[in-house]
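A.B. asks: Attaching a single structure in structure tokens format; questions to follow.
Number of protein chains: 2
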Amino acid sequence: AIAAPATALAANEPIQPIEAAKPKNADMVELGKMLFFDPRLSKSGFISCNSCHNLSMGGTDNLPTSIGHKWHEGPISAPTVLNSSMNLAQFWDGRAKDLKEQAGGPIANPGEMGFTHELAVDVLRSIPEYRTRFKQLFRSDKIDIGMVTDAIAAFEETLVTPDSRFDKWLKGDKKALNQAELEGYKLFKESGCTGCHNGAAVGGGSFQKFGVHEPYKTTSKAEGRFAVTGKDADRFMFKVPTLRNVELTYPYFHDGAAATLEEAVDTMGRLQLGRTFSKEENAKIVAFLKTLTGKQPEFKLPILPPSTNETPRPKPFG
Amino acid sequence: AIAAPATALAANEPIQPIEAAKPKNADMVELGKMLFFDPRLSKSGFISCNSCHNLSMGGTDNLPTSIGHKWHEGPISAPTVLNSSMNLAQFWDGRAKDLKEQAGGPIANPGEMGFTHELAVDVLRSIPEYRTRFKQLFRSDKIDIGMVTDAIAAFEETLVTPDSRFDKWLKGDKKALNQAELEGYKLFKESGCTGCHNGAAVGGGSFQKFGVHEPYKTTSKAEGRFAVTGKDADRFMFKVPTLRNVELTYPYFHDGAAATLEEAVDTMGRLQLGRTFSKEENAKIVAFLKTLTGKQPEFKLPILPPSTNETPRPKPFG
Ligand code: HEC
Ligand code: HEC
Ligand code: HEC
Ligand code: HEC
Ligand SMILES: [Ca+2]
Ligand SMILES: [Ca+2]
Ligand SMILES: [Ca+2]
Ligand SMILES: [Mg+2]
């Protein structure tokens, strides 16, 4: 028999491999990276996107709920920014249509970066290196928040994680997974997880009710997609999260209530499929899920240009 | 005439060039870097050394006083970690004799990382990749806080900033400085700044009274070296800060009260030397000081190993 090409193999599976990012504009990505790491986009001068979406730690803060401006406790758990470009929409309830629309949110959110778009842009305008970079990229002497979110989104589009062991297996390297992992994948497919967690991101493609067979018990007040549409049918519909790098994105669920992957898989089996997995089955699914950890984005820590005498000063305690 | 060798040129000056770091043990430096960036050394899981000594921003937080655990306002301004290995002792009052002794402090400081050494080490012990790295480096199955601070100190020793324009000038490249910068350097030497700010770090070599000719007015309660020695003569003696990268380490002084370099230079002239600089003189000194910005440490953002089911969870709001 002739070996099937890797893409053909993967096409028969409900999950496709992630391809490496091919950035269109390297300078735009570099500017976006700087902005992603720049705490001067926050009122305190202390919190950057990377504070809550730590790219050393799988693009999350690994907290049940986030810490924001003045140690404000956020209402919901921070999803990873890794592979977020593949989501059908952004946020648990999908209220932002894409990464650009999303990126304006946290800067002006009083419980996150606590700033305003105007002040954030004032900071950037006061820094010659930023002025030069924006001018080169946007051919304009002024900087506006739309340019800022364009650049951040361009950077986020590069935050994909190819080359997981599972992707190697999908592409034909049959030794990339061991027996338990393979059996875990079989269980994952056959019991119906791939009904919701599918595609290259193993999620991110639809809103689904959390609590199909029995209700999910939580103290969180989040109502999911209902907050956006106001339709009763959308109550407790949440965006299906990507399971790429799920080993890194603990704790789990929109309320961060599941500390371990074992607990999350058990809850999913019972609530979403009406099925109780044995300890062995659960362990195999978890083993499979850990093969979804891909190559983390690799780049140099950005060096940010200093503020000038004209730069508005941060107000951490004011 | 025969051109003098670069080292001989520099030897006649009160300031010497910074040499590139020659790390003895690259694996130790890598581990130290990981620890420097790991927020799991804090109670909240949110604050790492890099939160307050941001290596994207000259190794400081650029705040008058730091933000610590639960948004605690610190009592004093955070100095840069860049070139801190050259200091005669660590902290404004010199209470830690070296980087290793210093590094234990913030982890257990309730207003900084808010943790305990024991819990921090428990976190590391629960993570296989850390266990392997510590074992390879220290040839022991156990991890203790001494190993943690050894590794952090080894990383910090690499945080030197060679190749500033001033160093190029010192090494013989006479075009590296322009006329105003050279005149600024001349003023810096001839008016007596180099009496305190000298050596490769342009500071860091002695404790000196802040307020020689007139007292420094501040609301800060810091008493300087007196806190360590209890001697009256040490009241308001502070470690002379390095002026390397001073363009990046705003705001200035132990209370962070001077927002600009112009203000800091003016205060130094009046209080330390009894001399009021004209606007032009001040500008030239500032121009010279900006030539002390060196090559910032360049490295990949470390990717940290995930917590396991055994890892004690952070307590951000507890
Ligand atoms: C204080 C913590 C915090 C900060 C700072 C923060 N985020 Fe978030 N981020 C969150 C939380 C919490 C959510 C989930 C909110 C929701 O779904 O309602 C989120 C959601 C997102 C999402 C959507 C991911 C998905 O799968 O739906 C993206 C993308 C994102 N943030 C990017 C950014 C960028 C870019 C910045 C900086 C401009 C930033 N974040 C700053 C906490 C933070
Ligand atoms: C009917 C749709 C559906 C099915 C079937 C389903 N899931 Fe989910 N899954 C979701 C939704 C929606 C969420 C997000 C729930 C929330 O936090 O609001 C989720 C969350 C998760 C999470 C947590 C991810 C994170 O980052 O927080 C894991 C792990 C998971 N699912 C695994 C599974 C497994 C394993 C199966 C099969 C046993 C499964 N899912 C079946 C819809 C589904
Ligand atoms: C919450 C903010 C904060 C955190 C977190 C923090 N530091 Fe600091 N650091 C400071 C402040 C403030 C000082 C000055 C304290 C003093 O002099 O009394 C300081 C001083 C230092 C110094 C002395 C520099 C000098 O010139 O005297 C070093 C070195 C240092 N820190 C390294 C670290 C390391 C390593 C970590 C992590 C283990 C760390 N810091 C975590 C705020 C912080
Ligand atoms: C008698 C000793 C002495 C002399 C002379 C002196 N300095 Fe200083 N300098 C210090 C000390 C001590 C500090 C720290 C003061 C504090 O914050 O407690 C300092 C701080 C500074 C700072 C702020 C650095 C920072 O990171 O906070 C600058 C800038 C500075 N000096 C420049 C100068 C200049 C320019 C001159 C000459 C006009 C000068 N100094 C003369 C001892 C001296
Ligand atoms: Ca989380
Ligand atoms: Ca999570
Ligand atoms: Ca400073
Ligand atoms: Mg947000």
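Protein sequence lines, in the order shown, are assigned to chains A and B.
Take the first sequence: its letter number 239 is residue 246 in our numbering, and every next letter is one higher.
Take the second sequence: its letter number 256 is residue 263 in our numbering, and every next letter is one higher.
Just so it is clear, CB atoms sit at the ideal spot from N, CA and C, and this is done for glycine as well.
No experiment lies behind these values; they were computed from the predicted model shown.
#1: For residue 298 of chain A and chain B, any beta-carbon pair shorter than 7 Å?
#2: So, helix, strand or coil for residue 306 of chain B, using DSSP?
#3: In the DSSP assignment, find the unbroken alpha helix (DSSP H) run with residue 215 of chain B in it and report its ends.
#4: Distance, Cα to Cα, residue 286 of chain A vs residue 200 of chain A?
#5: Does the CB of residue 325 of chain A have a neighbour CB from chain B at under 7 Å?
#6: Can you tell me the Cβ-Cβ gap for residue 156 of chain A and residue 89 of chain A, rounded? I've got them flagged as a contact below 8 Å.
#7: Can you list, in chain order, the residues of the segment 181–195 of chain A whose Cβ is nearer than 7 Å to any Cβ on chain B?
#8: Return the Cβ separation of residue 112 of chain B and residue 76 of chain B in integer angstroms, given the expectation that the two are a contact with Cβ distance under 8 Å.
#9: Counting only Cβ-Cβ distances shorter than 7 Å, please list the residues of the segment 252–263 of chain B near chain A, keeping chain order.
#10: Can you name the residues that DSSP bridges to residue 74 of chain A?
#11: Do we get a CB-CB distance below 7 Å when we pair residue 99 of chain A with the residues of chain B?
#12: Look up residue 23 of chain A in the DSSP assignment and say whether it is helix, strand or coil.
#13: Can you find a CB in chain A that lies within less than 7 Å of the CB of residue 274 of chain B?
#14: Express the C-alpha separation of residue 178 of chain A and residue 65 of chain B in angstroms, rounding to a whole number.
#15: Residues in the segment 60–72 of chain A with C-beta within 9 Å of chain B's C-beta atoms, listed in sequence order?
#16: At 4 residues or longer, what runs of the alpha helix (DSSP H) sit wholly inside the segment 95–165 of chain B?
#17: Is residue 256 of chain B near ligand 4, in the sense that its beta carbon is under 6 Å from a heavy atom of that ligand?
#18: Suppose contacts are defined by Cβ-Cβ distances below 7 Å. Is residue 212 of chain B in contact with residue 84 of chain B by that definition?
#19: Please classify residue 236 of chain B: does DSSP put it in a helix, a strand, or coil?
#20: Note down, in chain order, each residue of its chain lying with its Cβ closer than 6 Å to the Cβ of residue 206 of chain A, except the 5 sequence neighbours on either side.
#21: For residue 51 of chain A, return the contacting residues in chain B, with the cut-off set at a CB-CB distance below 7 Å.
#22: Relative to ligand 2, is the shortest distance from any of its heavy atoms to the C-beta of residue 215 of chain A smaller than 6 Å?
#23: Pull up the distance between the alpha-carbon of residue 58 of chain A and that of residue 45 of chain B, whole angstroms please.
#24: Measure the C-alpha to C-alpha separation of residue 234 of chain A and residue 100 of chain A and round it to an integer number of angstroms.
#25: Within 7 Å (strictly less), CB to CB, does residue 8 of chain A reach chain B?
#26: Just by C-beta distance, which residues in the segment 217–232 of chain B are closer than 9 Å to chain A?
#27: From residue 8 of chain B to residue 175 of chain B, what does the alpha carbon distance come to, in whole angstroms?
#28: Less than 6 Å between C-beta atoms, sequence neighbours within five positions excluded: which residues of the same chain meet that for residue 97 of chain B?
#29: At 8 Å on the CB atoms, spell out the chain B contacts of residue 306 of chain A, in chain order.
#30: Would you call residue 68 of chain B buried or exposed, if buried means 16 or more other Cβ atoms sit within 10 Å of its Cβ?
#31: Is residue 323 of chain A near ligand 1, judged by its Cβ being under 6 Å from some heavy atom?
C.D. replies: According to the structure shown:
#1: no
#2: coil
#3: Unbroken run through residue 215 of chain B is the beta strand (DSSP E), 214–216; no alpha helix (DSSP H).
#4: 17 Å
#5: no
#6: Not quite, the Cβ-Cβ distance comes to about 19 Å (not below 8 Å), so this is no contact.
#7: none
#8: With a Cβ gap of about 14 Å, residue 112 of chain B and residue 76 of chain B do not count as contacting.
#9: 254, 255 and 257
#10: A:80
#11: no
#12: coil
#13: no
#14: 44 Å
#15: 61, 62, 63, 64, 65, 68, 69, 70, 71 and 72
#16: 106–115, 124–132, 135–145 and 152–164
#17: yes
#18: no
#19: helix
#20: 212
#21: 74
#22: yes
#23: 12 Å
#24: 7 Å
#25: Model confidence at residue 8 of chain A stands at a pLDDT of 48, short of 50, so the residue's coordinates are unreliable; what they give is reported in the following sentence. False, the Cβ-Cβ gap to chain B never drops below 7 Å.
#26: none
#27: With a pLDDT of 47 at residue 8 of chain B, under the threshold of 50, the modelled position of that residue is not reliable, and the figure given next carries that caveat. Their backbone Cα atoms lie some 21 Å apart in a straight line.
#28: 103 and 109
#29: 307 and 308
#30: buried
#31: no
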